[in-house]
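Convert by adding 224 to the 1-based position in the sequence shown; the result is the number in my numbering. All residues carry an ideal CB built from backbone N, CA and C; glycine is no exception.
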Amino acid sequence: MPITWLQELHRGAAQCSDRLLHELIKQIPQENPQLAQSLRELVENYRFDIILELINSEQELHQGTQR
225 MPITWLQELH RGAAQCSDRL LHELIKQIPQ ENPQLAQSLR ELVENYRFDI
275 ILELINSEQE LHQGTQR
């Protein structure tokens with residue numbers, strides 16, 4: 225997913241905004257249903273902390289490949 229989408233996902237999780245997160249999940253391409261389902265389950269179980277951890281891990285990985 226694009227970096228801007230990840231930034232919005234981070235914002236939604238940091239604000240505990242299930243509405244924003246559900247809107248972002250709808251933008252996930254149909255070719256990746258597992259990502260959408262996993263995120264949906266995390267949101268429904270109020271696991272915003274895990275979403276933030278996953279985003280931070282992704283950003284660290286991305287930054288490591290740019291060095």
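Separation of residue j from residue i, as counted between CA atoms
i	j	result
Pro-226	Glu-268	23 Å
Thr-228	Leu-276	15 Å
Gln-261	His-234	17 Å
Leu-266	Leu-259	11 Å
Ala-237	Phe-272	5 Å
Asp-242	Gly-288	30 Å
Gln-283	Tyr-270	22 Å
Given residue i as reference, the closest of the options once Cα atoms are compared
i	options	result
Leu-244	Pro-253, Arg-264, Glu-282	Arg-264
Gln-251	Glu-282, Leu-278, Leu-285, Leu-230	Leu-230
Bounding residues of the alpha helix (DSSP H) (the contiguous stretch that carries residue i)
i	result
Arg-235	227–238
Ser-249	Checking the displayed sequence, the identity of residue 249 turns out to be Ile instead of Ser. Here the alpha helix (DSSP H) through Ile-249 covers 242–249.
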